[in-house]
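In order, the protein sequence lines correspond to chains A and B. Going by the working numbering, the first sequence wraps up at 320, each residue one higher than the last. Going by the working numbering, the second sequence wraps up at 1320, each residue one higher than the last. For glycine and all other residues, C-beta sits at the position ideal for the given N, C-alpha and C.
Number of protein chains: 2
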Amino acid sequence: MNKDLVIGVDVGGQSAKCGIVDMMGTVLKQTVMRSENYTDAQQYVDDLAATLKQIIKDADVAGRIRGIGMGVPNGNYYTGEIENAVNLKWANKSKVKFADMLQKAMGGIPVKLTNDANAAALGEMTYGVAKGMKDFIMITLGTGVGSGIVINGQVVYGHDGFAGELGHTTLVRHNGRLCNCGKTGCLETYCSALGIARTAREWLEMTDEPSLLRNYEEISAKDVKDAADEGDNLAKKIFDYTGTLLGEAFADFIEFSAPEAIILFGGVARNREYLDEPIKKSMNANVLPLWRNKVKLLYTALKESDAAILGASALAWEIK
Amino acid sequence: MNKDLVIGVDVGGQSAKCGIVDMMGTVLKQTVMRSENYTDAQQYVDDLAATLKQIIKDADVAGRIRGIGMGVPNGNYYTGEIENAVNLKWANKSKVKFADMLQKAMGGIPVKLTNDANAAALGEMTYGVAKGMKDFIMITLGTGVGSGIVINGQVVYGHDGFAGELGHTTLVRHNGRLCNCGKTGCLETYCSALGIARTAREWLEMTDEPSLLRNYEEISAKDVKDAADEGDNLAKKIFDYTGTLLGEAFADFIEFSAPEAIILFGGVARNREYLDEPIKKSMNANVLPLWRNKVKLLYTALKESDAAILGASALAWEIK
């Protein structure tokens, strides 16, 4: 029978989102496995395999699965291992040979994995706005800032499989904000959802400017968006600032790999109406003249509920 | 007859260095064409072709030349054109279809070109310390700072052919030094030979610290090296500072492409004894923990007099 389908699995701390996908990027069947309580990798793998076998059966597509692609925090494309993923209780102590284990549990169906940002880039290239592009950078703006870099039609994995940590490039070199990674001044500490909330808290403390945000107890990036939607000036200035910083960082990324486009993805990217203009302005002001107004700033075209599964599934099409 | 040789041409403002190279990286024959007075591209091409034909004849290797590779300022790998090269009087006004013109003048011998930093990276990968490496970054520290990035065994040209302008990534984001490119704070304004001289002048003005450098009229990077060799403390501190800045920049480059090594090339790289330690210290302090003490810092292994020709020649081996 023709192997005309793939499975995509997006592995997160709380759950694993699983779906069967066809070549057009249609998710034929999907399901979610709750996973916050797993502490043992083998148990996790066994239950994930059972879940996948069930949706294969439900969709009546046994024999048609070419392979399984997974987006996994700290997933190493070359080795198929997970290395010290702090948010996965079943994989935060030592290396887990995740791809091998799942492949065995699935009766030999080939398994490939990479980190979630690389998966997102592959998904965009396979099914989304990056279709036909050979050089682009995908930036995921969520709780953190991740990136998937595509050069010459290939995701950049680097010498060790972990390339593309653009969220941890240094944006503010002196007296920058402390990052979870232990460094200071990382892009992520300013331009992630948490970074935006941090900017809001700092600015509210430092100024007396009236703002709707003063009514919130614990401010989130979503609150800043809501306030901006209400016309709040401080909230808009926070997005201006965030966009300006993103543009400065993007200018350096362009100088590295001269991409056709930078593509934004993730919760924070939904604030396009507030971020688009300051990003473009700052990116073009900070990049070498030869790239000024030449690099596109795009936003993901994938349906949000499917995006994580599609990204992961895209990896499985590479399997010969 | 077997096409077992290539020609490398390093095109500069003052001269074109030309050489016939075999597969082992031996320069069988070389010559230099003075070129500072050319203002017409066709004249330049015709005379360069005559020069090349002469060394082919002198070396008695007619029929054995597989192709010609050239390292050219602002050379575009994809199109074979030179675009607004400010230092070439015969190519600073409009685009010059340099590769096509030379190929025609050479009776059809295939010609490929790229910029000099990419050529250096190819040379190192073909004949030097990067032999067998698939992921590395070559940094040329000369009058300016250039770079050639290799990912997955291929030089990164980017969407438009101009990728790898790492000398113009922003090192100092606010109140940085003005760069020739029009931006401020570029890595090149601090860590090139001119940048080092600029640091020396600034520090001599800002402090009263005694230094041998106070005896020089116009300070060059070479003077700083000579003073350091004499034990001059200020000169040594200038190298410490330069190395620290380079290390900070390299940390971000590593976060982009996770290379196996960063390889230094060019006049300033000869100050290895003063730069090596501060670069390593700063690079490892500023990079994500996962790459700490894992990325090699290497220096070119190519003989200096041959390096530019070898780099350019390496491009010609790609010709099928």
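- [ ] Starting from the beta carbon of Tyr1258(B), find every residue of chain A whose beta carbon is closer than 9 Å, and list them in chain order.
- [x] Per the sequence presented here, residue 1258(B) reads as Ala, with Tyr not at that position. Val156, Tyr157, Gly158, His159, Asp160, Gly161, Phe162, Ala163, Gly164, Glu165, listed in chain order.
- [ ] Can you pull the chain A residues whose beta carbon is under 7 Å from the beta carbon of Gly1176(B), in chain order?
- [x] Neighbours of Gly1176(B) on chain A: none; closest Cβ ~10 Å, over 7 Å.
TODO: Inspect the beta-carbon positions of Gly1067(B) and Ala1308(B) and report whether they are closer than 8 Å.
DONE: No, these two residues do not count as a Cβ contact at 8 Å.
Task: Between the CA atoms of Phe136(A) and Lys1134(B) - distance to the nearest angstrom - done: Rounded to whole angstroms, Lys1134(B) to Phe136(A) spans 20 Å at the Cα level.
Open item on the list: Which same chain residues end up closer than 6 Å to Ser1094(B) when comparing Cβ atoms and leaving out the 5 residues on each side of it in sequence?
Closed with: Beyond the five residues adjoining it in sequence on each side, Ser1094(B) comes within less than 6 Å, by CB distance, of no other residue in the same chain.
TODO: Starting from Thr1031(B), follow the beta strand (DSSP E) in both directions and report where the run begins and ends.
DONE: Start and end: 1027-1034.
TODO: Quick one: residues in its chain with C-beta nearer than 6 Å to the C-beta of Ala227(A), no 5 flanking neighbours on either side, listed in chain order?
DONE: Sequence-distant partners of Ala227(A) (beyond 5 residues in either direction) whose C-beta falls short of 6 Å from its own C-beta, in its chain, are Leu212, Leu213, Ala235.
Task: Backbone secondary structure at Ala1163(B) - three-state DSSP - done: Of the three classes helix, strand and coil, the one that applies to Ala1163(B) here is coil, per DSSP.
TODO: Using beta-carbon positions only, say whether Gly1075(B) and Ile1082(B) come within less than 8 Å of one another.
DONE: Closer than 8 Å, so yes.
- [ ] Taking 8 Å as the cut-off, decide whether the C-beta atoms of Gly1247(B) and Pro1278(B) are in contact.
- [x] For Gly1247(B) and Pro1278(B), yes; Cβs fall inside 8 Å.
TODO: Have a look at the DSSP bridge pairing and note the partners of Gly148(A).
DONE: Per DSSP, Met138(A).
- [ ] Give the residues from the region 1283-1298 of chain B that approach chain D closer than 7 Å (Cβ to any Cβ), ordered along the chain.
- [x] Protein chains in the displayed structure are A and B, and chain D is not among them.
TODO: Report yes or no: is there a C-beta of chain A within less than 8 Å of the C-beta of Thr1169(B)?
DONE: True, the Cβ-Cβ gap to chain A drops below 8 Å.
Task: Burial state of Gln14(A), where buried means 16 or more other Cβ atoms lie within 10 Å - done: With fewer than 16 other Cβ atoms inside 10 Å of its own Cβ, Gln14(A) counts as exposed.
Task: Contact set between Ile248(A) and chain B, taken where Cβ atoms lie within less than 9 Å - done: According to the sequence as given, residue 248(A) is Glu; it is not Ile. Near Glu248(A) (Cβ distances below 9 Å), the residues of chain B are Thr1170, Arg1173.
- [ ] Anything in the region 1173-1203 of chain B with a Cβ closer than 8 Å to a Cβ of chain A? List those residues in chain order, please.
- [x] Within the region 1173-1203 of chain B, the qualifying residues are Arg1173, Cys1181, Gly1182, Lys1183.
- [ ] Would you mind sorting His1159(B) into buried or exposed? The rule is 16 or more other CB atoms within 10 Å of its CB.
- [x] By the neighbour-count rule (16 or more Cβ atoms within 10 Å), His1159(B) is buried.
Task: Through-space distance from Ala1193(B) to Ala1200(B), alpha-carbon basis - done: For Ala1200(B) and Ala1193(B), the gap between their C-alpha atoms comes out near 11 Å.
Open item on the list: Spatial neighbours of Glu1188(B) within its chain, please: C-beta separation below 7 Å, excluding the five flanking residues on both sides.
Closed with: Gly1144, Val1145, Gly1167, His1168, Cys1179, Gly1195, listed in sequence order.
Task: Spatial neighbours of Glu1036(B) in its chain, beta-carbon cut-off 8 Å, leaving aside the 5 residues before and after - done: Correct list, in chain order: Gly1013, Gln1014, Ser1015, Lys1089.
Task: 7 Å Cβ shell around Asp1100(B) - same chain, five flanking residues per side excluded - done: Closer than 7 Å at the Cβ level, and outside the excluded window around Asp1100(B), lie Gly1080.
Task: Reduced DSSP category for Ile1056(B) - H, G, I as helix; E, B as strand; rest coil - done: Note: Ile1056(B) maps to helix in three-state DSSP.
Open item on the list: For Val129(A) and Thr1039(B), I'd like the C-alpha separation in whole angstroms.
Closed with: About 45 Å.
TODO: Determine the direct distance from the alpha carbon of Glu230(A) to that of Asn152(A), and round the result to whole angstroms.
DONE: So the two alpha carbons sit approximately 44 Å from each other.
TODO: Using alpha carbons as the reference points, say which of Ala1285(B), Thr1126(B), Ala1049(B) lies closest to Ala1301(B).
DONE: Nearest to Ala1301(B) by C-alpha distance, out of Ala1285(B), Thr1126(B), Ala1049(B), is Thr1126(B).
Task: Interface residues of chain B facing Glu255(A) [CB-CB closer than 7 Å] - done: Correct list: Glu1165, Leu1166, His1168, Thr1169.
Open item on the list: Quick check: what's the CA-CA separation for Ala49(A) versus Pro73(A)?
Closed with: Between Ala49(A) and Pro73(A), the alpha-carbon positions lie close to 19 Å from each other.
Open item on the list: What ranges does the beta strand (DSSP E) occupy inside the region 1209-1289 of chain B, keeping only unbroken runs of at least 3 residues that lie completely in it?
Closed with: Correct list: 1261-1265.
TODO: For the beta strand (DSSP E) containing Thr114(A), list its first residue and its last residue.
DONE: Run containing Thr114(A): 111-114, per the beta strand (DSSP E) assignment.
TODO: Indicate whether at least one CB of chain A lies closer than 8 Å to the CB of Ile1151(B).
DONE: True, the Cβ-Cβ gap to chain A drops below 8 Å.
Task: Residues near Asp1276(B) by beta carbon distance below 8 Å, same chain, minus five either side - done: Closer than 8 Å at Cβ, skipping near neighbours: Gly1243, Leu1297.
Open item on the list: I'd like to know whether the C-beta atoms of Leu1245(B) and Tyr1190(B) end up nearer to each other than 8 Å.
Closed with: Contact check for Leu1245(B) against Tyr1190(B) passes: the beta carbons are separated by less than 8 Å.
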